[in-house]
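All remarks here apply to the structure that follows.
Numbering (our numbering), first residue to last: 1316 to 1643.
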């Protein structure tokens, strides 16, 4: 099929009607059995509780630590610090509330932790490496190879006065959003298992978080078969982010042209030649939106940390929890 600019312009003009026709024919909203949902959630929580400590131990054992004897020894071992942060995130507690809760266990453990001690755990390099290793181990255990994936970004509030969705709409319309109000997170999800294969965070932009997530997946040696991304990534340069063998599903912007690489032309050709088939693949990215929705219900939508390194640790804990809930 010979591709022309006229064909693309016609498809983009008619796209709203095509989408409406597609949704009318194929969309359905299945009813959720809340009792079954709660039962599944309880089983997943039980399985995660059984797996979390052995997984932390295995992740920490992958790190080679040299002892130089300098400084005061830590009150608690690294593995316990990791467990502390993971439990803090899922219970949606502030540092002070978590330290107050731990006071009840002081008589049993002999360890007295302040809220500042809890906060410092987020910037402990061994803690951060262990959490990263946990993420990689869970992906490895799922034996994910050449996956079909979707990607999506979201924002977590650093204040209670801004809402991420509203600010992102400003950004997409070319207006400046208040970036200090949010931290960005991006996850790449394997569509077969629902597991995140890459997770990135950024205080600057969602695009930076996306590149970090993709970098994590590449570090684990994952070769991606196909990817679905939203309109923020609907530009010719997106093809440079992936290998030549990766099929990309993005909706071109209204002013898009056919000029560009052969990979960009392939995206446009697939949309123009068979829009329903293209949309069927593209809308599988809704799984990513659902994934973040579940994450926020599980761990909350606010981040209590302020330093960038600690914010990244807190959010990666939430990515770890997402995968932990699917470990069974």
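Glycine included, each C-beta is placed from N, C-alpha and C at the ideal position.
Alpha-carbon spacing of residue i relative to residue j, whole angstroms
i            : j            : result
residue 1567 : residue 1375 : 44 Å
residue 1648 : residue 1460 : Shown here, the chain extends from 1316 to 1643; a query on residue 1648 therefore has no answer.
residue 1586 : residue 1574 : 15 Å
residue 1444 : residue 1402 : 17 Å
residue 1446 : residue 1635 : 7 Å
residue 1592 : residue 1371 : 43 Å
residue 1369 : residue 1450 : 13 Å
residue 1387 : residue 1434 : 18 Å
residue 1465 : residue 1528 : 12 Å
residue 1358 : residue 1344 : 25 Å
residue 1562 : residue 1545 : 15 Å
residue 1390 : residue 1508 : 39 Å
residue 1500 : residue 1557 : 20 Å
residue 1362 : residue 1354 : 12 Å
residue 1615 : residue 1318 : 47 Å
residue 1519 : residue 1360 : 33 Å
residue 1550 : residue 1569 : 11 Å
residue 1506 : residue 1356 : 19 Å
residue 1644 : residue 1430 : Past the boundaries of the shown model lies residue 1644; the chain is included only from 1316 to 1643, so the question cannot be answered.
residue 1467 : residue 1437 : 25 Å
residue 1543 : residue 1381 : 43 Å
residue 1320 : residue 1576 : 15 Å
residue 1423 : residue 1539 : With a pLDDT of 47 at residue 1423, under the threshold of 50, the predicted position of this residue should be treated as unreliable, and no value is reported.
residue 1330 : residue 1541 : 22 Å
residue 1457 : residue 1560 : 22 Å
residue 1448 : residue 1571 : 41 Å
residue 1479 : residue 1605 : At residue 1479 the pLDDT is 49, less than 50, meaning the model places this residue with poor confidence; the figure from the coordinates comes in the next sentence. Looking at the two C-alpha atoms, the distance is approximately 16 Å.
residue 1628 : residue 1599 : 29 Å
residue 1432 : residue 1612 : 27 Å
residue 1588 : residue 1641 : 37 Å
residue 1328 : residue 1352 : 41 Å
residue 1553 : residue 1537 : 18 Å
residue 1619 : residue 1597 : 34 Å
residue 1338 : residue 1364 : 40 Å
For residue j and residue i, believed in contact at Cβ under 8 Å, the rounded distance
i            : j            : result
residue 1471 : residue 1630 : 7 Å
residue 1633 : residue 1404 : 6 Å
residue 1531 : residue 1515 : 7 Å
residue 1502 : residue 1607 : 7 Å
residue 1373 : residue 1452 : 6 Å
DSSP state of residue i mapped onto helix, strand, coil
i            : result
residue 1515 : strand
residue 1504 : strand
residue 1367 : helix
residue 1642 : coil
residue 1582 : helix
residue 1499 : strand
residue 1618 : coil
residue 1468 : strand
residue 1430 : helix
residue 1397 : helix
residue 1494 : Residue confidence for residue 1494 is low, a pLDDT of 49 falling below 50, so the modelled location carries little weight and cannot support an answer.
residue 1542 : strand
residue 1562 : strand
residue 1299 : There is no way to answer for residue 1299, as the model of the chain reaches only from 1316 to 1643.
residue 1319 : coil
residue 1603 : helix
residue 1557 : coil
residue 1570 : coil
residue 1329 : coil
residue 1387 : coil
Nearest neighbour of residue i, chosen from the options [CA to CA]
i            : options                : result
residue 1555 : 1565, 1579, 1536       : 1579
residue 1440 : 1610, 1397, 1592       : 1397
residue 1442 : 1431, 1400, 1405, 1462 : 1400
residue 1623 : 1496, 1406, 1323       : 1496
residue 1595 : 1342, 1415, 1612       : 1342
residue 1535 : 1519, 1498, 1512, 1541 : 1512
residue 1565 : 1602, 1610, 1607, 1547 : 1547
residue 1602 : 1463, 1321, 1351, 1431 : 1463
residue 1428 : 1416, 1455, 1438       : 1416
residue 1378 : 1364, 1393, 1320, 1365 : 1393
residue 1643 : 1436, 1558, 1510       : 1510
residue 1637 : 1338, 1452, 1610       : 1610
residue 1498 : 1641, 1617, 1552, 1604 : 1617
residue 1326 : 1367, 1338, 1590       : 1590
residue 1533 : 1454, 1571, 1588, 1469 : 1454
residue 1517 : 1365, 1366, 1473, 1328 : 1473
residue 1367 : 1351, 1395, 1352       : 1395
CB contact check: residue i to chain C, cutoff 8 Å
i            : result
residue 1367 : Protein chains in the displayed structure number just one, and chain C is not present.
State whether the segment 1399 to 1417 contacts the segment 1322 to 1338, with contact taken as three or more CB pairs (one from each stretch) at a distance under 8 Å. Taking 8 Å as the limit for Cβ pairs, the verdict is that the segment 1322 to 1338 does not touch the segment 1399 to 1417.
Below 8 Å, can you find three or more Cβ-Cβ pairs linking the segment 1581 to 1598 to the segment 1514 to 1525? Verdict: no, contact absent.
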